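For reference, the structure is listed below as structure tokens.
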Amino acid sequence: MNVYEESFRYDTSKSEQEMDVRKGPWTEEEDSVLKAYVNIHGEGRWNSVARLSGLRRTGKSCRLRWLNYMRPEIKRGNISLEEQLLILQLHSRWGNRWSKIAQHLPGRTDNEIKNYWRTRVQKQAKQLQCDVNSKQFKDAMRYVWIPRLVERIRASSQPTSAQPSTESESVHVGPSLLPESSGTSSDSQLSSVTDLTDFYDPQSVSNYPNNVRNGSGFENVAAEAWGRSDDGWLGGGGGESSMETVWNEENIWFLQQQLRDEV
DNA sequence: AACATCCGCAACCGCTTTCAG
DNA sequence: CCTGAAAGCGGTTGCGGATGT
Numbered sequence: 009m010n011v012y013e014e015s016f017r018y019d020t021s022k023s024e025q026e027m028d029v030r031k032g033p034w035t036e037e038e039d040s041v042l043k044a045y046v047n048i049h050g051e052g053r054w055n056s057v058a059r060l061s062g063l064r065r066t067g068k069s070c071r072l073r074w075l076n077y078m079r080p081e082i083k084r085g086n087i088s089l090e091e092q093l094l095i096l097q098l099h100s101r102w103g104n105r106w107s108k109i110a111q112h113l114p115g116r117t118d119n120e121i122k123n124y125w126r127t128r129v130q131k132q133a134k135q136l137q138c139d140v141n142s143k144q145f146k147d148a149m150r151y152v153w154i155p156r157l158v159e160r161i162r163a164s165s166q167p168t169s170a171q172p173s174t175e176s177e178s179v180h181v182g183p184s185l186l187p188e189s190s191g192t193s194s195d196s197q198l199s200s201v202t203d204l205t206d207f208y209d210p211q212s213v214s215n216y217p218n219n220v221r222n223g224s225g226f227e228n229v230a231a232e233a234w235g236r237s238d239d240g241w242l243g244g245g246g247g248e249s250s251m252e253t254v255w256n257e258e259n260i261w262f263l264q265q266q267l268r269d270e271v
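Spelled out as structure tokens, the structure:
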């Protein structure tokens, strides 16, 4: 029996409640025990994992730790432009269905996306002084932020031919073509956030629907809030992206089809 | 330097859904 | 079908580091 198996002694005599369950941050030792156990026995049956591994944790806690932190494919750190775009668009489609959204962002967990949304997106809504679920905010996303993000992605993938799109508001990026390259290295993939002001181009407002363009001037409000922001949410980093995938028209067309097919 | 405040994120909680017996 | 256990999910909390005063 090796050192790991030694720690997996079966103990059926105590229930979770009786076992003085540990809470709070996981230690390195607990992580290694969990990792070793899952490597041997595989994922699933988390209550058994908790019981048999010797960890004084609940099954829920073990599952969460593994899924959100210890899985080998987990990506951590900055959310790339493409991922930001996907989050925005998928959220507009599905709402707070974090796990569903996460399925389309390989290596990202629902928890991470949820945290991202709460810390970044809701912050923007707050600066716009509107609710994150309000039509106002959704319009800002749809007609200002998403198109600009799409343009940014295009620009960074096609630096020599990047032109402001006149169709950007109609672009819907599907989940299935998420660039694998964005996850090849947790260090190299980057959100490359910059000042949000460079994300807003007043000229492109003319491309938005009249009700947005002429309504309450909301795009200006949105842009203003964007400009006020000091954390660079959704900023593009001026072409410093390490994105390797070509975000071309063909891909975007394909993504549109993917999304339509999913409805 | 010390304290206060803000922010991001890991982890927990409680509810819902799924599944096996 | 019914029921209980397990798994999954979304909301919330609280800690620790960063930043501001």
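Each residue of the first sequence is one higher than the last, beginning at 9 in the working numbering.
Each residue gets a CB set at the ideal place from its N, CA and C atoms; glycine is no exception.
These figures come from a predicted structure and were not determined experimentally.
Query	Result
Could you have a look at W54 and say whether DSSP puts it in helix, strand or coil?	helix
With H, G and I counted as helix, E and B as strand and the rest as coil, what does DSSP make of K31?	coil
Could you spell out where the alpha helix (DSSP H) holding Y45 opens and where it closes?	E36 to H49
Put P155 into one of helix, strand or coil per three-state DSSP.	helix
Compare the C-alpha of R105 against each of W125, D39, R30 and G115 and name the closest.	W125
Pick from D28, R79, P155 and I154: whose alpha carbon is nearest that of S40?	R79
If distances are taken between C-alpha atoms only, which option among W153, S164, D28 and R30 comes closest to Q97?	W153
Any idea if G115 is buried or exposed, counting beta-carbon neighbours within 10 angstroms, 16 or more meaning buried?	buried
Residues in its own chain within less than 7 Å of R64 by CB, not counting five upstream and five downstream?	M27, D28, V29 and R30
Can you tell me whether C138 is helix, strand or coil according to DSSP?	coil
Going straight from the alpha carbon of W102 to that of R53, what length do you get?	29 Å
Reducing DSSP to helix, strand and coil, say where N123 ends up.	helix
Use the C-beta contact count for L204: other C-beta atoms within 10 angstroms, 16 or more gives buried, fewer gives exposed.	Only weak support is given to the placement of L204: the predicted model assigns it a pLDDT of 33, under 50, and the value that follows is read from those uncertain coordinates. Answer is buried; the Cβ neighbour count reaches 16.
CB-CB under 7 Å to K43, same chain, minus the five flanking residues each way: which ones, in chain order?	M78
Buried or exposed: H99, going by 16 or more other Cβ atoms within 10 Å of its Cβ?	buried
Looking at the structure shown, is N86 part of a helix, part of a strand, or coil, going by DSSP?	coil
Going by the beta-carbon positions, is the gap between I161 and L75 smaller than 8 Å?	no
Just the C-alpha distance for D147 and K108, rounded to the nearest angstrom, thanks.	23 Å
What is the C-beta distance between S69 and Y45, in whole angstroms, given that I count them as a contact (C-beta under 8 Å)?	Their Cβ separation, rounded to whole angstroms, is 13 Å, which puts S69 and Y45 out of contact at 8 Å.
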